[in-house]
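K.L.:
Here it is, the structure, as structure tokens.
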Amino acid sequence: MSSESQDNEVDVVAEDTQKPAKDKKDKKGSFWKELPVLVVVALVLALIIKTFVVQAFYIPSESMENTLLVNDRVLVNKLVYHTRDIERGDIVVFNGIDSWDSEVFYEEPSNPVVGFFRWIGTAFGVIPGEKDYIKRVIGVGGDRVKCCDSKGRVTVNGVAIDEKSYLYPGDVPSLTFFDVKVPEGALWVMGDHRSVSQDSRSHQGEPGGGTIPVDHVVGRAFVIVWPFSRATVLPIPETFAQPALQAMGGAIPLLAGFAGAVPLVLLRRRLLFWRKKK
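Each residue of the sequence shown is one higher than the last, beginning at 1136 in the working numbering.
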């Protein structure tokens, strides 16, 4: 074999061994170029999901103990109330803008960069939102919510609810007496830790008599996702499934309909009577 042929083979081998290193370098460079795009796409998708489907929320106060503890993170279903009405016993997150004062106060960041990251943290449930609240629905539109009966229990439409399964140990249903007719399109909400919760009872002197508008509800908290040791679903307590309670709630609009219809029927009969008499 000539020396020229040997030189060509050496060049080919050297070229072949250099190509993989170059390809590896190109791929590495391509990854770092694509990383910002991937991060932006992930953030956009996450924001879309958080806006329309599911959002994580941070628990900042003790008002829902022991069901929810400070620093817990819950997932909130934002679609559920497009398919069904809000039910008694649901744990809901709602917006208190132009309504309730915040239970936890935070200084507004003066630095715009810090403000941006705070907004991101709030959006993804890493830090609490100043005007977001989380409470349990006790009464819905048309209900009469009262405390307390002879045994110290909260009643809804005259039916006592058994709150032992979720009420904070040692707390009574309420030290504040109230008797409220919940307006249509509104909710009466209370925290599970009644002795510290600033809920509907604390806002009775405000417009709405302490109730919150249904359209302020963000969604239903349905599961604790952090910390992992506390991960669990958040079901509606069985006491809210009492047949008498459900029947009364459904009967109120029906009774109101009858109350309005009876005078109309009597008026029609009287008109017919006078026409025949003429």
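Beta carbons are placed, not taken as given, at the ideal position from N, Cα and C, and that holds for glycine.
Who pairs with A1191 in a beta bridge, going by DSSP?
P.N.:
Here the question's residue 1191 lines up with position 56 in the sequence shown. DSSP lists L1210 as partners of A1191.
K.L.:
Short check: CB of G1274 to CB of L1322, under 8 Å?
P.N.:
As a working mapping, residue 1274 is identified with position 139 in the sequence shown. As a working mapping, residue 1322 is identified with position 187 in the sequence shown. It is a contact, given that the beta carbons lie within the stated cut-off.
K.L.:
Determine, using beta carbons only, whether F1357 and V1368 come nearer to each other than 8 Å.
P.N.:
For the purposes of this step, residue 1357 is taken as the residue at position 222 of the sequence shown. For the purposes of this step, residue 1368 is taken as the residue at position 233 of the sequence shown. A contact, by the Cβ cut-off of 8 Å.
K.L.:
Check whether the stretch 1328–1337 and the stretch 1297–1312 are in contact - that is, three or more C-beta pairs closer than 8 Å.
P.N.:
yes
K.L.:
With burial defined as no fewer than 16 other Cβ atoms inside 10 Å of the residue's Cβ, what is the status of E1373: buried or exposed?
P.N.:
Position 238 of the sequence shown, counting from 1, holds the residue named residue 1373. Answer is exposed; the Cβ neighbour count stays below 16.
K.L.:
For R1219 and T1290, what's the separation of their Cα atoms in angstroms?
P.N.:
By one-based count along the sequence shown, residue 1219 stands at place 84. By one-based count along the sequence shown, residue 1290 stands at place 155. Looking at the two C-alpha atoms, the distance is approximately 24 Å.
K.L.:
Provide the residue span of the beta strand (DSSP E) that contains N1230, from first to last.
P.N.:
Walking along the sequence shown from the start, residue 1230 turns up at place 95. Segment 1226–1230, the beta strand (DSSP E) holding N1230.
K.L.:
Let me confirm a value: P1304 is counted as buried when at least 16 other C-beta atoms fall within 10 Å, else exposed. Which label applies?
P.N.:
Here residue 1304 refers to the residue found at position 169 when the sequence shown is read from its first residue. By the 10 Å Cβ count, P1304 comes out exposed.
K.L.:
So, are the CB atoms of P1342 and G1276 less than 8 Å apart?
P.N.:
Residue mapping note: residue 1342 aligns to position 207 of the sequence shown, counting from 1. Residue mapping note: residue 1276 aligns to position 141 of the sequence shown, counting from 1. Not a contact, by the Cβ cut-off of 8 Å.
K.L.:
Exposed or buried, what is L1203 when buried is set at 16 or more other beta-carbons lying within 10 Å of its beta-carbon?
P.N.:
Here residue 1203 refers to the residue found at position 68 of the sequence shown. Classification of L1203: buried, given that the 10 Å Cβ count is 16 or more.
K.L.:
State the start and end residues of the unbroken beta strand (DSSP E) segment that holds C1282.
P.N.:
Numbered from its first residue, the sequence shown carries residue 1282 at position 147. Note, C1282: beta strand (DSSP E), 1279–1282.
K.L.:
Taking 8 Å as the limit between beta carbons, can you name the residues of its chain near V1211, skipping five residues before and five after?
P.N.:
Working through the sequence shown from its first residue, we reach residue 1211 at position 76. Cβ within range, chain order: V1189, Q1190, A1191, F1192, V1228, V1353, G1354, R1355, A1356, F1357.
K.L.:
Comparing alpha-carbon positions, which option in G1344, D1297, G1326 lies nearest K1316?
P.N.:
As a working note, residue 1316 is residue 181 in the sequence shown. The option with the nearest alpha carbon to K1316 is G1344.
K.L.:
If you scan the stretch 1306–1331 from start to end, which runs of the beta strand (DSSP E) of 3 or more residues do you find wholly inside it?
P.N.:
1313–1316, 1321–1325
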